[in-house]
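**Student:** Residues 1138 to 1511, numbered by my numbering, are exactly what the sequence shown covers, in order. Ideal placement from N, C-alpha and C gives every residue a C-beta, glycine not left out. Remember, predicted model here, so these are calculated numbers, not experimental data. The structure's right below; bear with me while I get my questions together.
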Amino acid sequence: MNGQIATLLEEKPKTANHPPKPTMQANVFHGVDDIRIEEVLRPSPGPGEAVIRVTLTTICGTDLHILRGEYPVRPGLIIGHEPVGVIAELGAGVTGYEVGERVLVGAITPCGQCGACLSGHHSQCGHGGGYEAIGGWRFGNTIHGAQAEYLLVPNAQANMAKVPDELSDEQVVLLADIASTGFSGAESGQVRIGDSVVVFAQGPIGLCATVGARLMGATLVIGVDGDDTRLAMSKRLGADVVLDHRKVDVVDEVKRLTGGGVDVAIEALGTQQTFESALRSLRPGGTLSSLGVYSGKLQMPYEAFAAGLGDHRIVTTLCPGGKERMRRLLEVVRHGRVDLTPLLTHTFPLARIREAYDLFGARRDGVLKVAIRP
Ligand SMILES: NC(=O)c1ccc[n+]([C@@H]2O[C@H](COP(=O)([O-])OP(=O)(O)OC[C@H]3O[C@@H](n4cnc5c(N)ncnc54)[C@H](O)[C@@H]3O)[C@@H](O)[C@H]2O)c1
Ligand SMILES: [Zn+2]
Ligand SMILES: [Zn+2]
1138 MNGQIATLLE EKPKTANHPP KPTMQANVFH GVDDIRIEEV LRPSPGPGEA VIRVTLTTIC
1198 GTDLHILRGE YPVRPGLIIG HEPVGVIAEL GAGVTGYEVG ERVLVGAITP CGQCGACLSG
1258 HHSQCGHGGG YEAIGGWRFG NTIHGAQAEY LLVPNAQANM AKVPDELSDE QVVLLADIAS
1318 TGFSGAESGQ VRIGDSVVVF AQGPIGLCAT VGARLMGATL VIGVDGDDTR LAMSKRLGAD
1378 VVLDHRKVDV VDEVKRLTGG GVDVAIEALG TQQTFESALR SLRPGGTLSS LGVYSGKLQM
1438 PYEAFAAGLG DHRIVTTLCP GGKERMRRLL EVVRHGRVDL TPLLTHTFPL ARIREAYDLF
1498 GARRDGVLKV AIRP
């Protein structure tokens, strides 16, 4: 993979005999707080790969972790993992697609052929081998990502979902990551019709978990946050009740509203406090479905855990990807079950992505997600 990056970033050939290779603009990570828009070589597809011209992408909270040095990736990497675009080139062996077709590619790009994929654990894809923890997340992590004019799609046959003509890029771009992740919080929690669900944190992921809980049939959905804009959006997207953790004891309030505890608590922040509150909010036999990314040690208070005898389930999920997942999510939008466009609060051209990172990182101006147009 290092070789591929070196090739992509090498100087443009200057010899008169060879026509210059095509280049593109891309957002390249160089180090902590150092990203730059640069001209780099445009990728070309090998067997089983495709190249798409990115028409819309966005910035994820995880990209902020990368920029701040909290999640290390190597310098020279193009970051970003949420692409919608048009097929520009198809490598050998990719069938059933035409150049010019519009496709959505998930943030997670499983190979479809390894032990993990064939066992149904696509996000832990081992790329032709067994399992690799978080191995399905490649864009902007271990291979070049989507904040660029063009993107090389690995295992293209398994990862390009055709976008129905009637849907705009804006309607579908958030399906690649935050919607797939947020919905999976409710799916992994096995929310059932009539369930009560509390979602801790109403950032982009938590808001999508709130939407997912509704889709799965929950009849009482409680959104928890401490930011007025996000609490308002939580209501708008379908929460029945919102709780401000600055103003109320959330666990007491959840127990009061549900007569003893929720069926499913979804954690969408990644802190000890929210993990613990999610556990304390459960009824006996309830499920804690965790989406947050944690650091350091996570402690389990024994009384909330009923000393290990409470029949609780604790499940974790990495964003599901692959073209079948994307097809299903596209259908959810196409049939009007969900509209995620209110979450796209700002738009920037790729050339001004640094401004977009600053706005998104500072959570200024009511920002939820920014659309980036290469
Ligand atoms: N599982 C996955 O595949 C996956 C994918 C992407 C992101 N993530 C993780 O999901 C988490 C959420 O991502 P995001 O982009 O929505 O985050 P975000 O930072 O945009 O939002 C976090 C929200 O938490 C709220 N908050 C802070 N303290 C709180 C508290 N004590 N109680 C309730 N709410 C509180 C903030 O007001 C904010 O609205 C992160 O840990 C992220 O790394 C997981
Ligand atoms: Zn992401
Ligand atoms: Zn695989």
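#1: So what does DSSP say about residue 1268, is it helix, strand or coil?
#2: Taking 8 Å as the cut-off, decide whether the C-beta atoms of residue 1429 and residue 1407 are in contact.
#3: By DSSP, does residue 1372 sit in helix, in strand, or in coil?
#4: Taking the runs of the alpha helix (DSSP H) that are 4 residues or longer, which of them lie wholly in the region 1429 to 1507?
#5: Among the residues of its own chain, which have a CB less than 8 Å from the CB of residue 1185, if the five just before and after it don't count?
#6: Quick one: give me the first and last residue of the alpha helix (DSSP H) that residue 1202 is part of.
#7: Is any heavy atom of ligand 1 found at a distance shorter than 7 Å from the C-beta of residue 1508?
#8: Is it the case that the Cβ atoms of residue 1097 and residue 1509 are separated by a distance below 8 Å?
#9: Considering only heavy atoms of ligand 2, does any lie closer than 7 Å to the CB of residue 1345?
#10: Report all residues from its chain with a CB closer than 8 Å to the CB of residue 1370; omit the five preceding and five following residues, and keep chain order.
#11: Is DSSP giving residue 1259 helix, strand or coil here?
#12: Hey, which unbroken runs of the beta strand (DSSP E) at 3 residues or more fall wholly within the region 1328 to 1396?
#13: Looking at C-beta atoms only, is the number of pairs between the region 1441 to 1452 and the region 1464 to 1477 that lie closer than 8 Å three or more?
#14: Give the straight-line distance between the Cα atoms of residue 1483 and residue 1507, rounded to the nearest whole angstrom.
#15: Under 8 Å by Cβ, that's how I've got residue 1311 and residue 1199 pegged, so tell me the actual separation to the nearest angstrom.
#16: At a threshold of 7 Å, does residue 1453 count as lining ligand 2 (C-beta to nearest heavy atom)?
#17: Please report the straight-line C-alpha distance between residue 1334 and residue 1442, rounded to a whole angstrom.
#18: Flag this pair as touching only if the region 1414 to 1430 and the region 1236 to 1245 have three or more C-beta atom pairs under 8 Å; answer yes or no.
#19: Out of curiosity, what's the CA-to-CA distance linking residue 1257 and residue 1337?
**Tutor:** According to the data block:
#1: For residue 1268, the three-state secondary structure derived from DSSP is strand.
#2: It is a contact, given that the beta carbons lie within the stated cut-off.
#3: Helix at residue 1372.
#4: Those alpha helix (DSSP H) runs which fall completely within the region 1429 to 1507 and span 4+ residues are 1460 to 1471 and 1490 to 1499.
#5: If we look at residue 1185 and ignore the five residues flanking it on each side, its Cβ neighbours are 1228, 1229, 1230, 1231, 1291, 1292, 1293 and 1294.
#6: Start and end: 1198 to 1204.
#7: No, since every heavy atom of ligand 1 falls outside the 7 Å radius drawn around the Cβ of residue 1508.
#8: With the chain represented from 1138 up to 1511, any question about residue 1097 goes unanswered, as that position is not in the structure.
#9: Taking 7 Å as the cut-off, one finds no heavy atom of ligand 2 near enough to the beta carbon of residue 1345.
#10: The residues are 1339, 1344, 1479, 1480 and 1505.
#11: Helix at residue 1259.
#12: Taking only runs of at least 3 residues, the beta strand (DSSP E) segments lying wholly in the region 1328 to 1396 are 1333 to 1337, 1357 to 1362 and 1378 to 1381.
#13: Counting Cβ pairs under 8 Å, fewer than three are found: no touch.
#14: Their backbone Cα atoms lie some 5 Å apart in a straight line.
#15: Contact between residue 1311 and residue 1199 does not hold, since the beta-carbon distance rounds to 14 Å and is not under 8 Å.
#16: Flag unset: Cβ of residue 1453 not near ligand 2.
#17: Approximately 18 Å between the Cα atoms of the pair.
#18: Fewer than three beta-carbon pairs drawn from the region 1414 to 1430 and the region 1236 to 1245 are found closer than 8 Å, and the two stretches are therefore not classed as touching.
#19: Cα-Cα distance, rounded: 27 Å.
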